[in-house]
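Contents: one structure, followed by commentary.
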Amino acid sequence: MSQIRGDYKSVWTALSGNKEDAYMVVSGYTDEEKFHADAEDTLYILGETTGIKATDTFLEIGCGVARVGRVLSPFVTEWIGCDVSPNMIKLASRRLLGLTNTRLQEISGYDLQPIPDNSVDVVYTTVVFMHLEEWDRYTYVLEAMRVLKPGGRFYCDNANIASPEGWAMFEASRTQFPPQKRPAQISKCSSVPEFEAFFTHAGFVDWHVKTRPMWVYGWGTKPGAK
Ligand SMILES: C[S@@+](CC[C@H](N)C(=O)[O-])C[C@H]1O[C@@H](n2cnc3c(N)ncnc32)[C@H](O)[C@@H]1O
């Protein structure tokens, strides 16, 4: 049965019906130790971009099985994981057992309801934008702006079409799947100009867009004193 890419809830609920499928679609492997090590790398990147403070409330858009939340939550006041898939949320809740400063929220796939305005210090999203249409990426950038406190920080990333790895991914998908057979969750790259446009139009200040092998990533601050 073919699914519509933008029907994120049905696509991602179907992809995460059991633990193994969910791990594979989140990371491409099921090894818990590698999962943990990769999450440490994400923590390092967040530390270098948004910074991580003990007083911060962090929110992740598309948290999956809480790969990052489990490692990040001991360093912050609260970690809120949001995901479109109720199956991912269920698996995340099992991985977070005993971590009392974590909270999970199933979301529509298009916004951060019911997170209140001006309530979070850091919003981040990693390995998620590649699965979204550009419009829906940007709507999440706007939603991040809404839920962040003044002075709050936002981070996002995606595969970079201008990198050799991003181009290889683009070509692999182009040649592997004829147009009518493309999986709904197929990865689509971003670019530095796309991220620059998002940060500019959403009104973030002090923003940066950079690249590292395979990736484009950016971070910025919501205007206003903290
Ligand atoms: C590749 S996984 C990455 C998970 C997590 N960010 C990580 O790095 O471990 C993509 C996640 O995004 C979620 N997702 C897909 N579309 C979404 C949407 N429109 N809104 C929120 N989450 C979404 C999926 O359910 C899945 O958990």
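In my numbering, the protein residues as written are 25 to 250.
The beta-carbon is built from N, C-alpha and C at its ideal position, and this holds for glycine as well.
Using alpha carbons as the reference points, say which of the options lies closest to residue i.
| i | options | result |
| --- | --- | --- |
| Asn111 | Glu130, Leu121, Ile104 | Glu130 |
| Cys180 | Glu57, Phe194, Ser187, Thr163 | Thr163 |
| Ser214 | Pro207, Gly242, Thr126, Gln204 | Gly242 |
| Gly176 | Thr37, Ser211, Thr74 | Thr74 |
| Glu102 | Gly86, Lys114, Ala78, Val92 | Ala78 |
| Thr126 | Leu83, Val151, Ala186, Gly227 | Leu83 |
| Phe222 | Leu166, Glu56, Thr66, Val35 | Leu166 |
| Phe99 | Thr37, Glu64, Thr235, Lys205 | Glu64 |
| Phe219 | Ile210, Trp231, Asp62, Lys43 | Trp231 |
| Gly30 | Val233, Ala249, Lys234, Pro207 | Pro207 |
Which residues in the same chain have their Cβ closer than 7 Å to the Cβ of residue i, if we skip the five residues on either side of it in sequence?
| i | result |
| --- | --- |
| Tyr32 | Val108, Gly133 |
| Val229 | Gly244, Thr245, Pro247 |
| Thr37 | Ser109, Pro110, Asn111 |
| Ser117 | Leu128 |
| Val152 | Ile85, Gly86 |
What are the boundary residues of the beta strand (DSSP E) that includes residue i?
| i | result |
| --- | --- |
| Gly176 | 172–183 |
| Phe82 | 81–85 |
With residue i as the anchor, note down where its alpha helix (DSSP H) starts and where it stops.
| i | result |
| --- | --- |
| Phe219 | 216–226 |
| Thr37 | 32–39 |
| Gly190 | 188–200 |
| Arg91 | 91–96 |
DSSP beta-bridge partners for residue i?
| i | result |
| --- | --- |
| Arg236 | Trp239 |
| Cys106 | Ile85, Gln129 |
| Val229 | Thr245 |
Excluding the 5 residues preceding and the 5 following residue i in the sequence, name in chain order all residues of the same chain whose CB lies nearer than 6 Å to its CB.
| i | result |
| --- | --- |
| Tyr53 | none |
| Ser40 | Ala46, Ser109, Asn111, Met112 |
| Ala168 | Val147, Phe178 |
Excluding sequence positions up to five away, which residues of its chain have a Cβ less than 8 Å from the Cβ of residue i?
| i | result |
| --- | --- |
| Ser34 | Gln27 |
| Gln137 | Ile131 |
| Met48 | Thr54 |
| Glu189 | Ala183, Pro237, Met238 |
> Unbroken beta strand (DSSP E) runs of length 3 or more, entirely within the segment 120–167: which are they?
Replying inline: 126–130, 144–149
> At which residue ranges does the segment 50–74 contain complete beta strand (DSSP E) runs of 3 or more residues, listed in the order of the chain?
Replying inline: none
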